[in-house]
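Numbering (my numbering), first residue to last: 655 to 1114.
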């Protein structure tokens, strides 16, 4: 009995089989054409992550340059970690930030523009900012960009487009004075970048030695503090900066300040430990610096030498010669972003005021680095006291249009034990009275020989 025609196996002709094979081949080619770029992008991203340098920017808050051992601190033991790091990298003898206030100082760093060109002159958000920021440029250039600490002070407005805010881990806010937490956040940032298949650009901002100091509250009262630095200094040990004066309250405050400097050094050690354990220190360029000077009169919210002089150290294995000191070039915070972009191979946008100093990192000479421009506009609360300064390696000129002999300069440093002691002693000490007068009322113009008078005691 014959079977139904439709139930019989169908024998395909040789030409039909050829057409099927050809069709399958075309489909495979089409898939390869469509997916090839994606595959190549993944491969390129992996190769990019393996060849382009990672960037780690570490700042400390309110640390004067001469509080660091490698920069001549007179108190032994303040910064053993930073000193070892300096021996592994390049430190700049003539490095400055533009201003002695946190919010505008950090925005200069990450915009490559002066404050009057960004609008970030004080402690407020500028929501109509039109210029590209480090976050935008590094992300567009293929980097994973994360931050820990000072999140509200590092961009013109918030929230901003960081890939990760490492100030919170596992839903828990990290304590800004806890040294070990800086290990955890750095480690997590590196892990997230690895998971994303990108090189990392991390900005780790250490809170110390910003007030409140170790074991002291904002009013200057000694309190318990669970975050103990690896060395605590006593009042009788500390050196008195030349721009201040010797008094028990000054020594007390400085002892807590220097203990906080040591705790910042401890924090930095934890950051470096996380980098070391990641296996990537050899292909990571590390920038270390302070946003401005110590939070005491004449060293913060001003443009005197000690207010802007910053301990800038760069470690880049194979590029920056270890243990070297650059005493030839003047660099400043406005140059940071252009330099980072050139390091990362990212085109710099138009309109930046700063210029890359990458040639100096390589040990080369660079023309046009004979001076820096500095300024102060206002403190928190929009209390404007504009100052302008130009500084060379030796001299500094300051213009204070706010000074009329009547206005009183107001700043966060007037809440310190040191300022209160200065105001009290001025009643009976002519020298201190003159210092108080300069601090509170200023003069229209100042000119200093910083080589002979780094403490700005003699207005020429």
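In this text, a Cβ means the ideal position worked out from N, Cα and C, and glycines have one as well.
When the Cα of residue 727 is compared with those of 813, 805, 896, 810, which residue comes out closest? Residue 727 sits at position 73 when you count from the first residue of the chain shown. Measuring from the Cα of residue 727, the nearest candidate turns out to be 896.
Classify residue 690 as helix, strand or coil using the three-state DSSP reduction. By one-based count along the chain shown, residue 690 stands at place 36. For residue 690, the pLDDT reaches just 47, beneath the cut-off of 50, and the residue's location in the model is therefore unreliable, leaving the point undetermined.
Could you give the DSSP three-state label for residue 800: helix, strand or coil? As a working mapping, residue 800 is identified with position 146 in the chain shown. Strand, per DSSP.
N-terminal and C-terminal residue of the beta strand (DSSP E) that residue 985 is part of: Start at 1 with the first residue of the chain shown, and residue 985 comes out as number 331. 978–986 is the span of the beta strand (DSSP E), which, as asked, contains residue 985.
Own chain, CB closer than 7 Å to residue 777, minus 5 neighbours either side, in chain order: Against the chain shown, residue 777 aligns to sequence position 123. Within the same chain, residue 777 has close Cβ partners 757, 1034.
Closest to residue 875 by C-alpha separation, out of 910, 748, 1003, would be which residue? Residue 875 sits at position 221 when you count from the first residue of the chain shown. Considering only alpha carbons, the answer is 910.
Distance, residue 753 Cα to residue 1045 Cα: As a first step, residue 1045 must be located in the chain shown, where it is residue number 391. As a first step, residue 753 must be located in the chain shown, where it is residue number 99. So the alpha carbons of these two residues sit roughly 13 Å apart.
Helix, strand or coil for residue 1091, going by three-state DSSP, please let me know. Walking along the chain shown from the start, residue 1091 turns up at place 437. Helix.
Please state the DSSP three-state secondary structure of residue 951. As a first step, residue 951 must be located in the chain shown, where it is residue number 297. If DSSP states are grouped into helix, strand and coil, residue 951 belongs with coil.
Extent of the continuous beta strand (DSSP E) to which residue 873 belongs: Here residue 873 refers to the residue found at position 219 of the chain shown. Residue 873 -> no beta strand (DSSP E), and no H or E assigned at all.
For residue 881, three-class secondary structure by DSSP: Counting from one through the chain shown, the residue named residue 881 turns up at place 227. Here residue 881 sits in coil by DSSP.
Taking three-plus beta-carbon pairs below 8 Å as touching, is the region 962–975 in contact with the region 732–746? yes
What are the boundary residues of the alpha helix (DSSP H) that residue 1072 is part of? Sequence index remark: in the chain shown, residue 1072 carries index 418 (1-based). Residues 1071–1079.
Residue 911, DSSP secondary structure in three states: Position 257 of the chain shown, counted from the start, is the residue given in the question as residue 911. Of the three classes helix, strand and coil, the one that applies to residue 911 here is helix, per DSSP.
Express the C-alpha separation of residue 819 and residue 1041 in angstroms, rounding to a whole number. Position 387 of the chain shown, counted from the first residue, corresponds to residue 1041. Position 165 of the chain shown, counted from the first residue, corresponds to residue 819. Taking the straight line joining both Cα atoms gives about 34 Å.
Just list the alpha helix (DSSP H) runs in the region 998–1033, keeping only unbroken ones of 4 residues or longer that don't cross its boundaries, in chain order. 1012–1015
On the premise that residue 879 lies in contact with residue 918, defined as a C-beta separation below 8 Å, what is that separation, rounded to the nearest angstrom? Taking the first residue of the chain shown as 1, we reach residue 918 at position 264. Taking the first residue of the chain shown as 1, we reach residue 879 at position 225. Residue 918 to residue 879, Cβ: 14 Å. No contact.
Only counting the same chain, and skipping five residues up and downstream in sequence, which positions put a Cβ closer than 6 Å to that of residue 1109? If you number the chain shown from 1, residue 1109 lands on position 455. Closer than 6 Å at Cβ, skipping near neighbours: 896, 897.
CB residue 769 to CB residue 954, shorter than 9 Å? Counting from one through the chain shown, the residue named residue 769 turns up at place 115. Counting from one through the chain shown, the residue named residue 954 turns up at place 300. Not in contact: residue 769 and residue 954 (Cβ atoms no closer than 9 Å).
Tell me the DSSP bridge mates of residue 929? Residue numbering aside, residue 929 sits at position 275 when the chain shown is read from its first letter. Paired residues: none, contrary to the question.
Among 1060, 1094, 979, 920, which has the Cα closest to the Cα of residue 832? One-based indexing of the chain shown puts residue 832 at position 178. Nearest of 1060, 1094, 979, 920 to residue 832, Cα basis: 920.
If you run the structure through DSSP and keep just helix, strand and coil, what is residue 1106? Your numbering for residue 1106 matches position 452 in the chain shown. It is coil, neither helix nor strand.
Report the rounded CA-to-CA distance for residue 883 versus residue 855, giving the unit in angstroms. Residue 883 sits at position 229 when you count from the first residue of the chain shown. Residue 855 sits at position 201 when you count from the first residue of the chain shown. When rounded, the distance between both Cα atoms is 28 Å.
Are three or more beta carbon pairs between the region 1092–1103 and the region 1047–1065 nearer than 8 Å? yes
Return the CA-CA distance between residue 939 and residue 927, expressed in angstroms with no decimal places. Reading the chain shown from its first residue, position 285 is the one you call residue 939. Reading the chain shown from its first residue, position 273 is the one you call residue 927. Rounded to whole angstroms, residue 939 to residue 927 spans 15 Å at the Cα level.
Counting pairs of beta carbons, one from the region 830–849 and one from the region 808–822, are three or more of them closer than 8 Å? yes
For residue 968, three-class secondary structure by DSSP: The sequence position of residue 968 within the chain shown is 314, counting from 1. Of the three classes helix, strand and coil, the one that applies to residue 968 here is strand, per DSSP.
I'd like the span of the alpha helix (DSSP H) that includes residue 768, first residue to last. Looking up residue 768 in the chain shown gives position 114. From DSSP, residue 768 is part of no alpha helix (DSSP H); its letter is neither H nor E.
Would you tell me roughly how many angstroms separate the C-alpha atoms of residue 886 and residue 900, rounded to the nearest one? As a position in the chain shown, residue 886 is number 232, starting the count at 1. As a position in the chain shown, residue 900 is number 246, starting the count at 1. Going from the Cα of residue 886 to the Cα of residue 900 covers about 20 Å.
Pull up the CB-CB distance for residue 779 and residue 748, whole angstroms please, since I reckon it's below 8 Å. As a working mapping, residue 779 is identified with position 125 in the chain shown. As a working mapping, residue 748 is identified with position 94 in the chain shown. 33 Å between Cβ atoms; not a contact.
Leaving out five residues on either side along the sequence, give the residues of the same chain with a beta carbon under 7 Å from the beta carbon of residue 771. The residue labelled residue 771 in the question sits at position 117 within the chain shown. Closer than 7 Å at the Cβ level, and outside the excluded window around residue 771, lie 1007.
Alpha carbon to alpha carbon, what distance is there between residue 957 and residue 693? Start at 1 with the first residue of the chain shown, and residue 693 comes out as number 39. Start at 1 with the first residue of the chain shown, and residue 957 comes out as number 303. Only weak support exists for where residue 693 lies, its pLDDT of 38 falling under 50; the value from the coordinates is given anyway. In a straight line, the C-alpha of residue 693 is about 53 Å away from that of residue 957.
Neighbour-count burial assignment, residue 691, 16 or more Cβ in a 10 Å radius: Within the chain shown, residue 691 is the residue found at index 37, counting from 1. Confidence at residue 691 is low in this model, with a pLDDT of 44, below 50, so its placement is unreliable and no value can be given for it.
Under three-state DSSP, which class holds residue 961? Here the question's residue 961 lines up with position 307 in the chain shown. Helix at residue 961.
Below 7 Å CB to CB, which residues in the same chain sit around residue 720 once its five sequence neighbours on both sides are set aside? Residue 720 sits at position 66 when you count from the first residue of the chain shown. These residues qualify, in order along the chain: 726, 727.
Opposing strand residues paired with residue 939 [DSSP bridges]: For the purposes of this step, residue 939 is taken as residue 285 along the chain shown, with counting starting at 1. Residue 939 pairs with 709.
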